[in-house]
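Engineer: In the working numbering, the protein residues as written are 1 to 101. From the three backbone atoms N, C-alpha and C, an ideal C-beta is built for every residue, glycine too. Before I ask anything, here is the structure I am working with.
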């Protein structure tokens, strides 16, 4: 088995670059779904803008997406300070945990 190590070294991409590319593609996919009216994706796009996850941080755009989602989903505003991927059901279950008496 003859392996050309120089060629193999040139094909390697740093893991950080791969992850960054994946996060940016995730944002683009999420944005596309949000623009098509998916309320959960509207919240996620807002979270991503607010935290700068996969896109340049932009509080104005983040709040606009959260506001858009909140027109039909009142719990959306509760999620604006949560990390991307934190779902409304997660928020609701946290509140229920504290209510047990």
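For residue 13 versus residue 54, is the C-beta distance shorter than 8 angstroms?
Structural biologist: Not a contact, by the Cβ cut-off of 8 angstroms.
Engineer: Determine the extent of the alpha helix (DSSP H) in which residue 56 is found, giving its start and end residues.
Structural biologist: Per DSSP, residue 56 belongs to no alpha helix (DSSP H) and is neither H nor E.
Engineer: At what residues does the alpha helix (DSSP H) containing residue 46 begin and finish?
Structural biologist: Residues 39-51.
Engineer: Measure the alpha-carbon distance for residue 17 versus residue 70 and round it to whole angstroms.
Structural biologist: Distance between the alpha carbons of residue 17 and residue 70: 34 angstroms.
Engineer: My output table needs one value for residue 12: the three-state DSSP class, helix, strand or coil.
Structural biologist: Residue state, collapsed to three classes: coil.
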